[in-house]
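Have a look at the structure below before the remarks.
Residue numbers (the numbering used here): 1 to 125.
Written out as structure tokens, the structure reads:
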């Protein structure tokens, strides 16, 4: 893995305050996201074609959002990462607590929020 960077997901209330005081000894109102790229021996070239260009991943970035009611449920990162990745990139989230469309999610609780209780059943008319 190369180009490892740290981004911060800051959780705020609807009024713009931290969800937990910044100086709390038990929890913090932010989570650190560690991002990197994989490159190694491969049959598929990882070089970009002339029409594929993307920016280097910034060393630090701040993502601020009002978290949903589900614990540690990050905002979707696909749109945020789009300018830093190739189209149709394969992404992996380690220690995931839920599934994300188009991602491989790995973690002990990855299926936790897939229970039917978290979905609304639509009726056919």
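Glycine included, every Cβ here is placed at the ideal spot set by N, Cα and C.
Since this is a predicted model, take the numbers as computed values, not measurements.
Item	Value
Here's the rule I'm using: 16 or more other beta-carbon atoms within 10 Å means buried, otherwise exposed. How should residue 14 be labelled?	exposed
Whole angstroms is fine: what's the gap from residue 23's alpha carbon to residue 17's?	13 angstroms
Please classify residue 9 as buried or exposed, where buried requires at least 16 neighbouring CB atoms within 10 angstroms.	buried
If distances are taken between C-alpha atoms only, which option among 84, 59, 75, 58 comes closest to residue 66?	75
Using a 10 Å radius around the Cβ and a threshold of 16 neighbouring Cβ atoms, would you call residue 56 buried or exposed?	exposed
Starting from residue 80 and walking both ways along the alpha helix (DSSP H), at which residues does that stretch end?	78-81
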